[in-house]
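Trainee: Numbered according to full-length UniProt numbering, the sequence shown terminates at residue 561, and the numbering increases by one at each position without gaps. Okay, handing you the structure first.
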Amino acid sequence: MVEEGAGVELVDTRSAEEWLSRAQELVPMALQKAREAKGGFPGRWNMIISKLEQIPSRLSDLSSHPCFSKNALCKEQLQVVCKTLGEAVELAELCVEEKYGGKLRMQSDLDALSAKLDLNLRDCGLLIKTGVLGEATLPLALARSSAEPEATTNPNMRELLARLQIGHLDAKDRALDSLVEVMKEDEKSVLSVLGRSNISALVQLLTATSPRIREKTVTVICTLAESGSCESLLVSEGVLPPLIRLVESGSAMGKEKAMISLQRLSMSVETARSIVGHGGVRPLIETCRTGESVLQSAAAGTLKNLSAVSEVRQILAEEGIVRVMINLLDCGILLGSKEYAAECLQNLTASNDNLRRSVISEGGLRSLLIYLDGPLPQESAVGALRNLVGSIPMDVLLSLSLLPRLVHVLKAGSISAQQAAASAICRVCSSTEMKRLVGETGCIPLLIKLLEAKTNSAREVAAQALSTLVSVLQNCREVKRDEKSVPSLVQLLDPSPQNTAKKYAVSCLGSLSSSKKCKKLMISYGAIGYLKKLSEMDIPGAKKLLKQLERGKLRSLFSRK
1 MVEEGAGVEL VDTRSAEEWL SRAQELVPMA LQKAREAKGG FPGRWNMIIS
51 KLEQIPSRLS DLSSHPCFSK NALCKEQLQV VCKTLGEAVE LAELCVEEKY
101 GGKLRMQSDL DALSAKLDLN LRDCGLLIKT GVLGEATLPL ALARSSAEPE
151 ATTNPNMREL LARLQIGHLD AKDRALDSLV EVMKEDEKSV LSVLGRSNIS
201 ALVQLLTATS PRIREKTVTV ICTLAESGSC ESLLVSEGVL PPLIRLVESG
251 SAMGKEKAMI SLQRLSMSVE TARSIVGHGG VRPLIETCRT GESVLQSAAA
301 GTLKNLSAVS EVRQILAEEG IVRVMINLLD CGILLGSKEY AAECLQNLTA
351 SNDNLRRSVI SEGGLRSLLI YLDGPLPQES AVGALRNLVG SIPMDVLLSL
401 SLLPRLVHVL KAGSISAQQA AASAICRVCS STEMKRLVGE TGCIPLLIKL
451 LEAKTNSARE VAAQALSTLV SVLQNCREVK RDEKSVPSLV QLLDPSPQNT
501 AKKYAVSCLG SLSSSKKCKK LMISYGAIGY LKKLSEMDIP GAKKLLKQLE
551 RGKLRSLFSR K
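Pasting the structure below:
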């Protein structure tokens, strides 16, 4: 593309047609010389001849394209082909004259020539296949230095992406430099023209022999993963194994970018399974043990995503995830690491009794309670505790002051934390004595307030907790005394499918119906109309409560008369 003279680089002025003409002259010359030279190394020369014979058809494909003369890549590729053909002529002449420095050296030179011919044939095919010839573009050196807006338009983007697939590693390295710079300024333009072949080329560069190229490539891939626009393409083109290898043995920056990429990609359940299948668990856990802060946090986030997939939890446990997450909960460098650890423990204890016992035996209960006392988001810690309470003796829970902590969350936590706390209260109430103790903590007014939450799931779990607690007379009296209890519960009799709290509302109101005052309130707030519909739906307790309210309404009517 450039010629040097007197130490000054000059842009080559020859046209694509001239370079094509030069290549067409060199092909028959190279073939003739190669046929004359094959006496010394017949196997290698026969292979070279077979590749030289394919070049004319590739040149014909290029020259017949309507944009042949306008495309910078096409001209550059013809220059490379001419250079390779020139080398073939030179090596053939040396073989004929037997002037080479040694047999082994010549064998190596011939193998290198054969590899260059393979690359030339492949790259000529890619120019046609990628469709980049349809765009008239500037040479890379000019596009990089130009201050004109056209230098970053889509045609140049397509050319830049095509360069990742064409040429030697040095050329791809330069293309990566340009791509990194362009993405800093105009990421959307790159994403708009990115295709499967470009993604495939980037994934292949993740395994390049040059650490520098691997680092640049994973920087680009991290940006693509975080963009959220091409995760499926990255995974389908095989990005996971090289990312995992980079986590194991890459440079500091390479490890960080690879880990962040895995964290983003693992949000997909299928990809999470694939990371486990490709042996990604061990390096992730090792990073949580020994990695610096950002790496540790990203690794914990990835493991949290993996733990959300129920069928891989046992594999995670076998690699020691429980102990590692508890350590992070206690000593994580970044606050995010602790939060991910709490979420991971919540996922691990969701449905597996063995993992629940493992978390308890490793000291996870105390670590979760200490985390709960801190300033960090509490939802996951409360969720994990909710999962564990059924496996812990009540005297232990009481000695660790679990109930006051749950009440504190109901008072001051986020709505999702309050929901988890209410759910934990449901599980704690396994006996009459525990229900009495829970009621004495002052949680009942807080649960009644939660009946008015905006989310259906929070209303449901609050109603469930109250329906459990009101079976104890002392708690039932407290619910009756609260002015908001009956109106809020009646609203939860709504028969719509979205309202999943209705069966608990019926149960709770049934316990309150022994009070004349509560029955009058239920009637005045429209409970009879709701209950008629719920009776038709066979909601447990709805018919019985309806009869009680209708009898009370009749008595009230007769007494007024």
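Note that the Cβ used here is the ideal one computed from N, Cα and C, for glycine as well.
1. Where does A542 land, buried or exposed, given buried means 16+ other C-beta within 10 angstroms?
2. Residues in the same chain with beta-carbon distance under 8 Å from L549, minus the five sequence neighbours each way, listed in chain order, please.
3. Roughly how many angstroms lie between the CA atoms of N46 and L117, to the nearest whole one?
4. K75 and A16 - do their beta-carbons sit closer together than 8 Å?
5. So, at 7 Å on beta carbons, what are the nonlocal neighbours of L142 in its own chain, with the 5 sequence-adjacent residues on each side left out?
6. Buried or exposed: where does I370 fall if 16 or more other Cβ atoms within 10 Å of its Cβ makes it buried?
7. For K544, which residues from the same chain have a beta carbon less than 6 Å from its beta carbon, with the 5 sequence-adjacent residues on both sides left out?
8. Find the nearest neighbour of residue 567 within the set N475, K83, R158 and D395, judged by alpha-carbon distance.
9. Which residues in the same chain as E433 place their Cβ atom closer than 7 Å to its Cβ, once the five residues preceding and following it in sequence are excluded?
10. Grab me the residues of V276's own chain with a C-beta within less than 7 Å of its C-beta, minus the 5 sequence neighbours each way, in chain order.
11. Quick one, are the C-beta atoms of A92 and L52 less than 8 Å apart?
12. Answer with buried or exposed for Q32, where buried requires no fewer than 16 other C-beta atoms within 10 angstroms of its C-beta.
13. Over what stretch of residues does the alpha helix (DSSP H) that includes T302 continue unbroken?
14. Check whether the stretch 219-239 and the stretch 275-292 are in contact - that is, three or more C-beta pairs closer than 8 Å.
15. Does DSSP classify M522 as helix, strand or coil?
16. So what's T209 in DSSP terms, helix, strand or just coil?
17. Considering Cα atoms alone, identify which of A465, V80, L233 and E483 is closest to T271.
18. Throw me the rounded Cβ distance for the L284 and A299 pair, which I believe falls under 8 Å.
19. Taking the alpha helix (DSSP H) that M259 falls in, what are its first and last residues?
20. Distance check for S488 and R551, CA to CA, integer angstroms please.
21. Considering only residues of the UniProt domain "DUF7032" (22-132), which uninterrupted alpha helix (DSSP H) runs meet the minimum length of 4 residues and lie entirely inside it, listed in chain order?
22. Hey, A463 and C508: beta-carbon distance below 8 Å or not?
23. Let me check understanding here. Comparing Cα to Cα, which of V506, S229, S310 and A422 lies closest to C344?
24. Please list the segments of the alpha helix (DSSP H) lying wholly inside the stretch 385-435, counting only runs of 4 or more residues, in order along the chain.
25. Cα-Cα, which of I326, G167, Y525 and R273 is closest to L205?
26. Touching or not, the stretch 350-359 and the stretch 393-403, by the rule of three or more beta carbon pairs under 8 Å?
27. Give the DSSP-derived three-state secondary structure of P497 in the structure shown.
Mentor: Working from what's here:
1. Classification of A542: buried, given that the 10 Å Cβ count is 16 or more.
2. Closer than 8 Å at the Cβ level, and outside the excluded window around L549, lie S513, K519, M522, I523, A527, I528 and L531.
3. Looking at the two C-alpha atoms, the distance is approximately 13 Å.
4. A contact, by the Cβ cut-off of 8 Å.
5. No answer about L142 holds up, because its pLDDT of 38 lies below 50 and its placement is not dependable.
6. Classification for I370: exposed.
7. Around K544: no qualifying Cβ.
8. There is no way to answer for residue 567, as the model of the chain reaches only from 1 to 561.
9. If the five residues before and after E433 are omitted, its C-beta is found closer than 7 Å to no C-beta atom of its own chain.
10. Cβ-Cβ distances below 7 Å link V276 to L306, V312 and I315 in the same chain, with the five nearest sequence neighbours on each side left out; the list follows chain order.
11. The answer is no: Cβ separation not under 8 Å.
12. Q32 comes out exposed.
13. T302 -> alpha helix (DSSP H) spans S293 to S307.
14. Between the stretch 219-239 and the stretch 275-292 there are fewer than three inter-stretch CB-CB distances shorter than 8 Å, so the stretches are not counted as touching.
15. Residue state, collapsed to three classes: helix.
16. Three-state DSSP puts T209 in coil, outside helix and strand.
17. For the set A465, V80, L233 and E483, the Cα lying nearest the Cα of T271 is the one of L233.
18. Indeed, because the Cβ distance is near 5 Å, the residues count as touching under 8 Å.
19. Counting along the chain, the alpha helix (DSSP H) containing M259 begins and ends at A252 to L265.
20. Near 23 Å, if we compare the C-alpha coordinates of S488 and R551.
21. DSSP runs (the alpha helix (DSSP H)) wholly in the UniProt domain "DUF7032" (22-132): 42-52, 55-63, 72-97 and 103-129.
22. Yes, the pair counts as a contact, with Cβ atoms nearer than the cut-off.
23. Among V506, S229, S310 and A422, the Cα nearest to that of C344 belongs to S310.
24. For the alpha helix (DSSP H) assignment, the uninterrupted runs of no fewer than 4 residues enclosed by the stretch 385-435 are, from N- to C-terminal side, 394-399, 402-412 and 415-428.
25. Just measuring C-alpha positions, the residue of I326, G167, Y525 and R273 sitting nearest L205 is G167.
26. No: fewer than three Cβ pairs fall under 8 Å.
27. It is coil, neither helix nor strand.
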